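> Here's a structure for you.
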Amino acid sequence: RPRGWTLDRDPFLLETSVPGVFAVGDVRKGSIKRVASGVGEGSVAVSFIHQYLSKVV
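So this is what it looks like as structure tokens:
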């Protein structure tokens, strides 16, 4: 687990250090800075957000 991560689970891919907050595109460190890349990351994040919400709710 990343340093400072406080939960008992590993963070989801694209989840920030704030549980439940996901980052994609230009705001993500090391991103490619291309629209197509951001759109692709966004579509991946949607599936992880659904997984996150199914465990929280």
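If you count by the working numbering, then the sequence shown holds residues 1260 to 1316, one letter each, in order.
Backbone N, C-alpha and C define an ideal beta-carbon position, used for all residues, glycine too.
Owing to the predicted nature of the structure, the values given are computational and were not obtained by experimental measurement.
(1) For Val1277, tell me which candidate among Arg1262, Ser1306 and Glu1300 has the shortest Cα-Cα distance.
(2) Please classify Ala1295: is it buried, with 16 or more other beta-carbons within 10 angstroms of its beta-carbon, or exposed?
(3) Need the endpoints of the alpha helix (DSSP H) that Glu1274 sits in, please.
(4) By Cβ distance below 8 Å, which residues in the same chain neighbour Val1280 in space, the five residues on each side in sequence not counted?
(5) Taking the alpha-carbon positions, what's the Phe1271 to Arg1293 distance?
Inspection of the coordinates gives the following:
(1) The sequence position of residue 1277 within the sequence shown is 18, counting from 1. If we check each option's Cα against that of Val1277, Arg1262 comes out closest.
(2) Counting from one through the sequence shown, the residue named residue 1295 turns up at place 36. Answer is exposed; the Cβ neighbour count stays below 16.
(3) Taking the first residue of the sequence shown as 1, we reach residue 1274 at position 15. Per DSSP, Glu1274 belongs to no alpha helix (DSSP H) and is neither H nor E.
(4) The residue labelled residue 1280 in the question sits at position 21 within the sequence shown. The residues Glu1274, in chain order, have a CB closer than 8 Å to that of Val1280 in the same chain once the five nearest residues on each side in sequence are set aside.
(5) Mapped onto the sequence shown, residue 1271 falls at position 12. Mapped onto the sequence shown, residue 1293 falls at position 34. Roughly 22 Å between the two C-alpha positions.
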